[in-house]
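Peer 1:
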DNA sequence: TAGAAACCCTTGAGTAGCTACAGAGTCAAG
DNA sequence: CTTGACTCTGTAGCTACTCAAGGGTTTCTA
Ligand SMILES: [Zn+2]
Ligand SMILES: [Zn+2]
Ligand SMILES: [Zn+2]
Ligand SMILES: [Zn+2]
C-alpha cells in the first residue's frame, strides 16, 4: 500500500509518517518504480504501536525503548515495566503541578467579583504583586497549552476510522 | 540598571529578557554609550508581571492581552475575568486528560505483574492492540514531558532572591 | 597604564513533535 | 491528452525559550 492508505488505516497524518521515518521510528520502506513508498502489514502494526504510545503521551524516546524490546523478545521485560512506572510518574507529577496552579488561579479569580475598570481590577493587581518563591521540585513536564501547530494530537488520536 | 541586574531582581535568564524584547512583551529600553540596555523600575515591574503570569502557565499571547489592560486602565475589565476563566479552563481540561491517561496507563501496567521475557510481556502486548477510538474533545493543552531545553520553567520561577 | 575578569552585544541554531507549503513528478480515469 | 488525485523532496514554521560563537565594553587590580 502507499502512504495515503497507511495514513488512513492508522489515523495518522501523511507528513507525520514521513517524519517518523526521518526520525528512525519507522523503518525505511521499499519504493515503487515511481519512487512511492510501499508499505505492508508490518508497517501498519508498527505505526499503530507508535500511535498508541503517543496517545498515552509517551515521548518518541520512550517509544524507541519499547520498540527495542519488541524487537528482542528474549530479553527480560523488567525495563519495560520500569519505563511505564516512570511514565506514570511523569503524568502524576504534572497533575499535581496543575492542581496547584488551579488553586492559585482560582484564588486570583476571586479577587475580581463584578467587573469594573481595569485600573482597579483585583486580578491585574494580584498579578502585579511580587513572585512568591515556591519551592517547586525540578520536573520535566510541559505546560498547559496546545496550539494550532499540533491539532492532531490535541484532538486525540482516532485510529481505524478507515 | 543593566540587563544582568534586571535578571537577578526578577529571577529571569538574561537571554529570556532579550527574547521578550524581540517578542514585543518588554518595551525597547534606552541604550548606554557602550550600547548596553538600560532599565528602570518600570521594567522591573513589567517583567515581574510577565514572570508571574508565566509561573501560572499563561501563554505569551494571554499575557499580551493582560498587558493591554494594564495600559488602558479606563477600560472595563470584563475581558480580564474572561481570559482568566478561559485559562482556568485550560488547566482543568488538561488535568482531566491526564487523569484519563493515568487510568489507561495503570490498566496497562497491571498486565505485567512479574517480569518475564519481552515476547510475553502483557504491556507490550497491550500496546500492540488497535487504537481505541476515544471521543476526545478538541483542546489546546500540551503533553506530559518537560525536557532539558527549559529547566528554568521546569524548576518553577523563584523571583526576588536578590 | 596594561591586562584580565566580568559583563554585554548580535546572530544563528537547537529543543519536541509535528504541520504546512512550494514546486515538482507519477498515475489512473475519461 | 488532459484533469485531478496522489506522491515526492526540501524548507520553514509553531512555543518559549536556551546556548554558543565571536566579538565589544566596563571595571577592577597590579
Ligand atoms: Zn514519560
Ligand atoms: Zn477585574
Ligand atoms: Zn491558558
Ligand atoms: Zn512485562
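Protein chains in written order, with the working numbering: chain A, 1 to 162; chain B, 1001 to 1162. Ideal Cβ positions, reconstructed from N, Cα and C, are used throughout, including at glycine.
1) Which word fits residue 118 of chain A, buried or exposed, when buried means at least 16 other C-beta atoms lie within 10 angstroms of its C-beta?
2) For residue 7 of chain A, would you say it is in contact with chain B, using Cβ-to-Cβ distances shorter than 7 Å as the test?
3) What number of angstroms, rounded off, separates the C-alpha of residue 1034 of chain B from the C-alpha of residue 52 of chain A?
4) Just to be sure I understand the criterion: a residue counts if its Cβ is closer than 5 Å to at least one heavy atom of ligand 1. Which residues meet that?
5) From the DSSP secondary-structure annotation, give me the bridge partner or partners of residue 117 of chain A.
6) Going by C-alpha to C-alpha distance, which of B/1127, B/1123, B/1050 sits closest to residue 1016 of chain B?
7) Taking Cβ-Cβ distances shorter than 8 Å, what residues in chain B pair up with residue 76 of chain A?
8) For a test of the three-state rule: what should DSSP assign to residue 167 of chain A, helix, strand or coil?
9) Which same chain residues end up closer than 7 Å to residue 1007 of chain B when comparing Cβ atoms and leaving out the 5 residues on each side of it in sequence?
10) Whole angstroms are fine: how far does the CA of residue 67 of chain A sit from the CA of residue 94 of chain A?
11) I want to see whether chain A comes within less than 7 Å of residue 1091 of chain B, judged by CB atoms only; does it?
12) Rounded to whole angstroms, what's the CA-CA distance from residue 1085 of chain B to residue 1122 of chain B? Just pull it up for me.
13) Got a sec? Which residues, its chain only, sit under 8 Å from residue 1125 of chain B by beta carbon, not counting five neighbours each side?
14) Put residue 1006 of chain B into one of helix, strand or coil per three-state DSSP.
Peer 2: Based on what the coordinates show:
1) Counting from one through the first chain, the residue named residue 118 of chain A turns up at place 118. So residue 118 of chain A ends up on the buried side.
2) As a first step, residue 7 of chain A must be located in the first chain, where it is residue number 7. No, no contact with chain B.
3) For the purposes of this step, residue 1034 of chain B is identified with residue 34 of the second chain, where counting begins at 1. For the purposes of this step, residue 52 of chain A is identified with residue 52 of the first chain, where counting begins at 1. If you take the alpha carbons of residue 1034 of chain B and residue 52 of chain A, they lie about 56 Å apart.
4) A/87, A/90
5) Taking the first residue of the first chain as 1, we reach residue 117 of chain A at position 117. Paired residue(s): B/1076.
6) Locating residue 1016 of chain B in the second chain gives position 16, counting from the first residue. Looking at the Cα atoms, B/1050 is the closest of the given residues.
7) Position 76 of the first chain, counting from 1, holds the residue named residue 76 of chain A. Result: 1115, 1116, 1117, 1118.
8) Outside the displayed range of chain A (1 to 162) lies residue 167 of chain A, so it cannot be described from this structure.
9) Here residue 1007 of chain B is taken as the residue at index 7 of the second chain, counted from 1. Cβ neighbours of residue 1007 of chain B beyond the five flanking positions: 1013, 1014, 1017.
10) Here residue 94 of chain A refers to the residue found at position 94 when the first chain is read from its first residue. Here residue 67 of chain A refers to the residue found at position 67 when the first chain is read from its first residue. Looking at the two C-alpha atoms, the distance is approximately 25 Å.
11) Here residue 1091 of chain B refers to the residue found at position 91 when the second chain is read from its first residue. Cβ-Cβ to chain A under 7 Å: yes for residue 1091 of chain B.
12) Numbered from 1 along the second chain, position 85 holds the residue referred to as residue 1085 of chain B. Numbered from 1 along the second chain, position 122 holds the residue referred to as residue 1122 of chain B. Taking the straight line joining both Cα atoms gives about 42 Å.
13) Residue 1125 of chain B sits at position 125 when you count from the first residue of the second chain. Hits under 8 Å: 1111.
14) On the second chain, position 6 is the one that residue 1006 of chain B refers to. Three-state DSSP puts residue 1006 of chain B in a helix.
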